[in-house]
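Right, one structure below, let's go through it.
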Amino acid sequence: MASKNKIQRLSGMHDILPEDQYYYEKIYDTCRQIADFYDFKKMDTPLLEYSDLYIKGAGISSDIVQKQMYTLKTKGGDSLTLRPEFTPGIARAYIEHGMNNLPQPVKLFSYGPVFRYEHPQAGRYRQFHQFNVEVIGDGSPVVDAQLIQFFYNILKELKVKNIVVEVNSIGDSQCRPYYRKLLVNYLKSRDSALCADCRRRAKENPLRVLDCKEEKCQRVISQAPQTIDHLCEECHSHFKSVLELLDEAEIPYRLNPHLVRGLDYYTKTVFEMYSEEEKKEGEDLNPRLCLAAGGRYDGLFKLLGSEATKAAGGAMGVERVNMLIKNRQAQPAKTQSAEVFLAQLGTAAKRKSLKLFDDFRKARIRVAENFGKDSLKAQLRAADKEEVKYTLLLGQKEVLEGTIIIRDMKTGKQDTVKFDKVVDEVKKRLR
Ligand code: HAM
Numbered sequence: 021m022a023s024k025n026k027i028q029r030l031s032g033m034h035d036i037l038p039e040d041q042y043y044y045e046k047i048y049d050t051c052r053q054i055a056d057f058y059d060f061k062k063m064d065t066p067l068l069e070y071s072d073l074y075i076k077g078a079g080i081s082s083d084i085v086q087k088q089m090y091t092l093k094t095k096g097g098d099s100l101t102l103r104p105e106f107t108p109g110i111a112r113a114y115i116e117h118g119m120n121n122l123p124q125p126v127k128l129f130s131y132g133p134v135f136r137y138e139h140p141q142a143g144r145y146r147q148f149h150q151f152n153v154e155v156i157g158d159g160s161p162v163v164d165a166q167l168i169q170f171f172y173n174i175l176k177e178l179k180v181k182n183i184v185v186e187v188n189s190i191g192d193s194q195c196r197p198y199y200r201k202l203l204v205n206y207l208k209s210r211d212s213a214l215c216a217d218c219r220r221r222a223k224e225n226p227l228r229v230l231d232c233k234e235e236k237c238q239r240v241i242s243q244a245p246q247t248i249d250h251l252c253e254e255c256h257s258h259f260k261s262v263l264e265l266l267d268e269a270e271i272p273y274r275l276n277p278h279l280v281r282g283l284d285y286y287t288k289t290v291f292e293m294y295s296e297e298e299k300k301e302g303e304d305l306n307p308r309l310c311l312a313a314g315g316r317y318d319g320l321f322k323l324l325g326s327e328a329t330k331a332a333g334g335a336m337g338v339e340r341v342n343m344l345i346k347n348r349q350a351q352p353a354k355t356q357s358a359e360v361f362l363a364q365l366g367t368a369a370k371r372k373s374l375k376l377f378d379d380f381r382k383a384r385i386r387v388a389e390n391f392g393k394d395s396l397k398a399q400l401r402a403a404d405k406e407e408v409k410y411t412l413l414l415g416q417k418e419v420l421e422g423t424i425i426i427r428d429m430k431t432g433k434q435d436t437v438k439f440d441k442v443v444d445e446v447k448k449r450l451r
């Protein structure tokens, strides 16, 4: 039984074990390669920012700000928050570094952990990784379509099956106030049919009601006025272009008129991607877990006190994609195994071995060892397991003579060579 005092990892936080690293690296490498092709440049921002950045960015009534921020007070009294997402931090950095003076758009990608105090469940963590991209300084619909294409390509490349792309337009500061009014009136008339959370949302952030998964709210939502029926001319033509571009690019999509997203900064296009893969027996995979999401956010820069700047972006949840590919794609066998094993016997030999091991590293020859073992038998057993071509034997006698033995593991033939020349000699034999 686990002791009460045993310290364990925090709920919703997870360790990425060595055997899982392969998948995380594969996901990152795939994202990175495709990001390079789309000409995104890497950008890192701090994990901690002033809380105000997220309050202004994501919106005071968003779930992230209301419930999910890991916030701390410094000794100096500042309120800081662990990043719950990348977008506001990237926008802050763009403003702070005067990136509006660079050729536009500025295309940036970021990768790393983000923190949200959520109810942990399968695929929902409190610390998770995002691969995030932003295109700042361009308002054209082709950017929105290209972002959707970008995430679709990544998921395809990672062999995620049955990818579903959902898109919607939520309008902008021109048309949204009118739509909001319509929605508020409608929700008022159906107040008693909403869940408790949505009754609150209907007052604070009515669009978020459209995102509720509660069955009773779903009935109300199905008859609610839809944003796409109330877009201004500009938003309407923008959205039409996005859809035409997606058609031309042969990206299958579904129009979801209730897709609104949980962050206040979005305008016009919003998108989410899922996989409708079949669950395998015993898998706790929720097929409706959103894998990647984003949209246009032309209003964010003004919210942060800067001049209006058009921008769009999106982020992919790495843990969720990992869950999908991990059980379905076998890890390839270890490719870079050692070619040489260095066995040592006695204190003097052990002392010489560390330096010799490093000489091989400099010569880019992989050497396996088991320096912690003193018995030669145990070391030779380890050498056999590694399936190396050569084993080097260094004992007391060899140290005194300034030599070392090279044993060919296939033939069993042994040669004694000068200790100082062994790296060159092994290099020659491996050629
Ligand atoms: P988001 O939808 O909040 O958007 O998160 C993006 C992705 O992160 C989700 O689609 C999901 O895959 C993953 N994700 C979110 N929460 C969790 C969680 N608790 N556990 C595991 N994975 C999770 C954003 O963060 C926006 N900043 C995206 C964006 C960039 N929009 C414009 N630019």
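Quick note on the working numbering: the sequence shown kicks off at 21 and runs consecutively.
Where is the CB? At the ideal position from N, CA and C, for every residue including glycine.
Here the structure is a predicted model, which means the values were calculated and not measured.
Among the residues of its own chain, which have a CB less than 8 Å from the CB of residue i, if the five just before and after it don't count?
i	result
Ser373	Leu362, Gln364, Glu389, Phe391 and Leu414
Ala22	Note on Ala22: pLDDT 48, under 50, position unreliable in the model; no value is reported.
What would DSSP say about residue i, mapped onto helix, strand or coil?
i	result
Glu270	coil
Phe361	strand
Leu100	strand
Thr289	strand
Tyr48	helix
Gln150	strand
Phe57	helix
Ile183	strand
Gly325	coil
Ala388	strand
Val341	helix
Leu251	coil
Glu418	helix
Leu275	strand
Lys26	coil
Met21	Note that Met21 has pLDDT 47, beneath the 50 cutoff, so the model's placement of it is unreliable and the number below is only indicative. Reduced to three states, the DSSP call for Met21 is coil.
Lys453	As shown, the chain starts at 21 and ends at 451. That puts residue 453 outside it, with no answer to give.
Lys233	coil
Pro38	helix
With a CB to CB cut of under 7 Å and the five nearest residues on each side skipped, what residues in its chain are close to residue i?
i	result
Lys438	Gly422 and Thr423
Asp59	Lys127
Gly452	Outside the modelled stretch of the chain, which goes from 21 to 451, sits residue 452, for which no answer is possible.
Ile271	Ile168, Gln169, Tyr172 and Val185
Arg427	Tyr410, Thr411, Leu413 and Gln434
Can you check whether the CB of residue j is closer than 7 Å to the CB of residue i?
i	j	result
Met63	Ser130	yes
Asp231	Val180	no
Lys409	Glu359	yes
Leu283	Ser82	yes
Arg308	Tyr294	yes
Ile47	Val442	no
Leu202	Pro245	yes
Cys255	Cys237	no
Gly334	Phe171	yes
Val419	Ala368	yes
Ala213	Val240	yes
Thr50	Glu177	yes
His149	Pro133	yes
Tyr42	Ile36	no
Residues bridged to residue i by DSSP?
i	result
Lys438	Thr423
Ser189	Thr289
Ile156	Val126 and Ala331
Gln141	Arg144
Pro133	His149
Gly460	The structure shown does not extend to residue 460, since the chain is modelled only from 21 to 451, so the question has no answer here.
Leu413	Ala363 and Ile425
Thr91	Thr101
Leu68	Leu102
Lys62	Phe129
Closer than 6 Å by C-beta to residue i: which residues in its own chain qualify, once you throw out the five before and the five after it? Chain order, please.
i	result
Leu175	Ile183
Arg274	Glu186
Tyr425	The sequence shown places Ile at residue 425, rather than the Tyr named in the question. Once the five neighbours on either side are set aside, the close Cβ partners of Ile425 are Leu413, Gln434 and Thr436.
Met119	Val126
Gly79	Asp284
Glu234	Cys215
Three CB pairs or more closer than 8 Å across the segment 104 to 111 and the segment 314 to 325
yes
Counting pairs of Cβ atoms below 8 Å between the segment 283 to 296 and the segment 176 to 189, do you hit three or more?
yes
Evaluate contact between the segment 114 to 125 and the segment 154 to 166, counting only Cβ atoms and requiring at least three cross-stretch pairs below 8 Å.
yes
Are the segment 164 to 180 and the segment 262 to 269 in contact at 8 Å, needing three or more beta carbon pairs?
yes
If contact is defined by three or more beta carbon pairs under 8 Å, each pair taking one atom from either stretch, is the segment 249 to 260 in contact with the segment 221 to 231?
no
For the segment 92 to 105 and the segment 68 to 75, state whether three or more C-beta atom pairs, one from each stretch, are separated by less than 8 Å.
yes
Could you tell me whether the segment 132 to 147 touches the segment 338 to 357, where touching means 3 or more Cβ pairs closer than 8 Å?
yes
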